[in-house]
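*Asks:* What the sequence shown shows, in our numbering, is residues 1062 to 1131, in sequence order. The C-beta atom is built at its ideal place from N, Cα and C for all residues, glycine as well. Questions regarding the structure given below will be posed in turn.
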Amino acid sequence: MLNGNTTMGNGVLTSHGLNFEGYFYWISLGALFGFTILFDLGFILALTYLKRKSLSNTFNKNKKIEGRPL
């Protein structure tokens, strides 16, 4: 099963058929950063172009409400 030069984690991955080459690390890291940038840009665009729902009961400290003093 495990020889003296194999780590436990590598042995577990190999036993489950998940022994991938080292370049898959860089592919997954690139995918992680790519999706992060994609979702960040999507969130920024959504906040920029979608209209905010106006709240009817908003309170403004500088505005006098009828019947109430500041």
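#1: Quick check: what's the CA-CA separation for Leu1099 versus Lys1112?
#2: Give me the Cα-Cα distance between Tyr1086 and Thr1097, rounded to the nearest whole angstrom.
#3: Can you give, in chain order, each stretch of the alpha helix (DSSP H) that sits fully within the region 1065-1108 and has at least 4 residues?
#4: Taking the alpha-carbon positions, what's the Gly1072 to Asn1080 distance?
*Replies:* Looking at the atomic coordinates:
#1: 21 Å
#2: Between Tyr1086 and Thr1097, the C-alpha separation is close to 17 Å.
#3: 1069-1076
#4: 9 Å
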